[in-house]
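Some notes on the structure that comes next.
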Amino acid sequence: MGEWVKSSCNSPVPHNAFVAGRDVDGSRIYVGRAAFQGDVLPAKVIPNNRVAYVSHNGSEHRVQYYDVLVGQEYEWVVCGDGLVPANAISPGTTSTLERLYVGRVRHNNSLTIGKVQPSRGCILIPYCHREHSFNSYEVLVKKQRPKLWKSQSY
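Position 24 of the sequence shown, counting from 1, maps to 24 under full-length UniProt numbering, and the rest follow consecutively.
Okay, structure coming up:
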């Protein structure tokens, strides 16, 4: 679910990229995904830093090649404890095929993204060289179109 555009740290931000938050310096954070050690992980894309970040095995890792989520038909839903809505955006899986989801939290004056990993019951964000976990978070979902129904005449 979602449309992804290939990108890299040397490329401009794709047209219509989805803005997910702001870093501590006010830089925009975009939703990305990146392959890393057999996983496909949500990536925190910060063009001003010329890098994207993923969290893996307790650490923050930099990646140079990634995909960026484009489109504006997304919204955030408050969740927690590993729960995700049915229409949540899943950029990939772990090497053991566990589905991961895009989430975000407020941390140290930033609104930043990470991976919601249901088996761990939390969101894990890459921040200052470490992986940080939070039980409460927002999950990125595809906006639902209103269901149309025909009114019955009485």
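Glycine included, each C-beta is placed from N, C-alpha and C at the ideal position.
ask   = With DSSP run on the structure shown, which of helix, strand or coil describes residue 119?
value = Assigned with DSSP and collapsed to three states, residue 119 falls in helix.
ask   = Taking DSSP as the reference, what is the three-state secondary structure of residue 42?
value = In this structure, residue 42 counts as strand in the three-state DSSP scheme.
ask   = Residues in its own chain within less than 7 Å of residue 80 by CB, not counting five upstream and five downstream?
value = Only 135, 136 and 137 meet the Cβ criterion.
key: Three-state secondary structure assigned by DSSP to residue 85   = The answer is coil: DSSP assigns residue 85 none of H, G, I, E or B.
Backbone secondary structure at residue 47 - three-state DSSP = Of the three classes helix, strand and coil, the one that applies to residue 47 here is helix, per DSSP.
ask   = Short check: CB of residue 14 to CB of residue 68, under 7 Å?
value = Judged by beta-carbon spacing, residue 68 lies within the 7 Å limit of residue 14, meaning their Cβ atoms are closer than that value.
query = Which value, in whole angstroms, describes the spacing of the CA atoms of residue 183 and residue 46?
reply = This structure cannot settle anything about residue 183, because the visible part of the chain is limited to 1 through 154.
Residues near residue 56 in its chain [Cβ-Cβ closer than 6 Å; skip 5 each side] = Excluding residues within five positions, the ones whose Cβ falls inside 6 Å are 36.
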